[in-house]
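Numbering (this note's numbering), first residue to last: 390 to 700.
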């Protein structure tokens, strides 16, 4: 869990990451790359040419520093998908207890895990809807949008691939190697959201919009430093809030609330044996968990700005 005493700057990074003044943060920092001088003292200016493993280490440090936010969003989203879809796999394949409570609880803890890992670097958006909301209402730099989006979608895809390699034997035991999207032996729901057949488009869209709006509202409310003491343990409150939202609203749509969380794993299933039907099934339902959360996030940000804003 998030350590006691952590501020928003090292969990979600409100002031550091999302204020207009922070847009020059990266340019003003000196690289954390040092070189060994003849006397052994670190220096930002190389006094000799590095070769072999030492040169590789220094280049890697430079790469990691220059791409730290991308890498943090990538690994955070990867962890989120690996653990969230892992819970779904246990229930679908009959390995663990099958209940919506288990799914909701596991998803909340997965979010807390991801926030704890990447929050102090990138703010742990791990969700394009959150990134878009901070861009629209909290001054998140426009130039960082493609960086965060790419990291989130790529992390989700890789997270799904890793999970697939872990559960591959159990998948084959369950479906005999015949990958099916829905039905008695359908397993595509492990990776992406597929609402029950009786749920129409309207209900699914409403579930995704309302759920994401409430999630982004919670993030902005608990994240502001004037909202003591919630911002000190924001990750815990977000995890608990997500569990509550999932229990209250999630069953209708499968509860994506995150375009990367749905599209990345769905794309993986398309190339891993389930086929392109994962996109076209139910009259291309796959577009709903991509666009509805983006709309919901903006509504949540607008709600916060109009009714609450601590500024």
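The beta carbon of each residue, even a glycine, is placed where N, CA and C say it ideally should be.
Could you check whether residue j and residue i sit closer than 9 Å to each other, using their CB atoms as the reference points?
| i | j | result |
| --- | --- | --- |
| residue 519 | residue 469 | no |
| residue 600 | residue 644 | yes |
| residue 515 | residue 544 | yes |
| residue 636 | residue 604 | no |
| residue 606 | residue 690 | yes |
| residue 683 | residue 517 | yes |
| residue 353 | residue 592 | Because residue 353 is not part of the residues shown, which for the chain are 390 to 700, the question remains open. |
| residue 597 | residue 681 | yes |
| residue 650 | residue 522 | no |
| residue 497 | residue 629 | yes |
| residue 654 | residue 546 | yes |
| residue 540 | residue 459 | yes |
In angstroms, rounded to a whole number, what distance separates the CA positions of residue i and residue j?
| i | j | result |
| --- | --- | --- |
| residue 676 | residue 590 | 11 Å |
| residue 695 | residue 529 | 19 Å |
| residue 640 | residue 503 | 23 Å |
| residue 542 | residue 531 | 18 Å |
| residue 579 | residue 471 | 11 Å |
| residue 588 | residue 448 | 52 Å |
| residue 479 | residue 487 | 8 Å |
| residue 658 | residue 563 | 16 Å |
| residue 625 | residue 669 | 37 Å |
| residue 679 | residue 664 | 19 Å |
| residue 697 | residue 477 | 35 Å |
| residue 638 | residue 687 | 19 Å |
| residue 602 | residue 482 | 32 Å |
| residue 446 | residue 595 | 49 Å |
| residue 667 | residue 462 | 26 Å |
| residue 506 | residue 495 | 17 Å |
| residue 623 | residue 646 | 18 Å |
| residue 508 | residue 558 | 34 Å |
| residue 661 | residue 614 | 44 Å |
| residue 484 | residue 527 | 43 Å |
| residue 455 | residue 612 | 26 Å |
| residue 642 | residue 581 | 11 Å |
| residue 551 | residue 569 | 19 Å |
| residue 671 | residue 627 | 32 Å |
| residue 533 | residue 491 | 35 Å |
Exposed or buried, what is residue i when buried is set at 16 or more other beta-carbons lying within 10 Å of its beta-carbon?
| i | result |
| --- | --- |
| residue 685 | buried |
| residue 586 | exposed |
| residue 434 | Unreliable placement is indicated for residue 434, whose pLDDT of 47 sits below 50; the coordinate value is still reported in the next sentence. Exposed, since its Cβ has fewer than 16 Cβ neighbours within 10 Å. |
| residue 489 | exposed |
| residue 673 | exposed |
| residue 553 | buried |
| residue 451 | exposed |
| residue 493 | buried |
| residue 443 | exposed |
| residue 474 | buried |
| residue 566 | exposed |
| residue 464 | buried |
| residue 610 | buried |
| residue 561 | exposed |
| residue 453 | exposed |
| residue 693 | buried |
| residue 556 | buried |
| residue 608 | buried |
| residue 391 | For residue 391, the predicted model reports a pLDDT of 40, less than 50, meaning its position is unreliable and no value from the coordinates is stated. |
| residue 537 | buried |
| residue 436 | Per-residue confidence for residue 436 stands at a pLDDT of 49, beneath the threshold of 50, marking its modelled position as unreliable; the derived number appears in the next sentence. Exposed: under 16 other Cβ atoms inside 10 Å. |
| residue 428 | Caution is warranted here: a pLDDT of 38 is assigned to residue 428, below 50, making its placement in the model unreliable, and no coordinate value can be reported. |
Sufficient close CB pairs (3 or more, under 8 Å) joining the segment 567-574 to the segment 611-622: No, the segment 567-574 is not in contact with the segment 611-622.
Every unbroken alpha helix (DSSP H) within the segment 589-623, with a cutoff of 4 residues, ordered by chain: The qualifying runs are 590-612.
Alpha helix (DSSP H) segments (min. 4 residues) lying fully within the segment 450-500: Fully enclosed alpha helix (DSSP H) runs of 4 or longer: 457-481.
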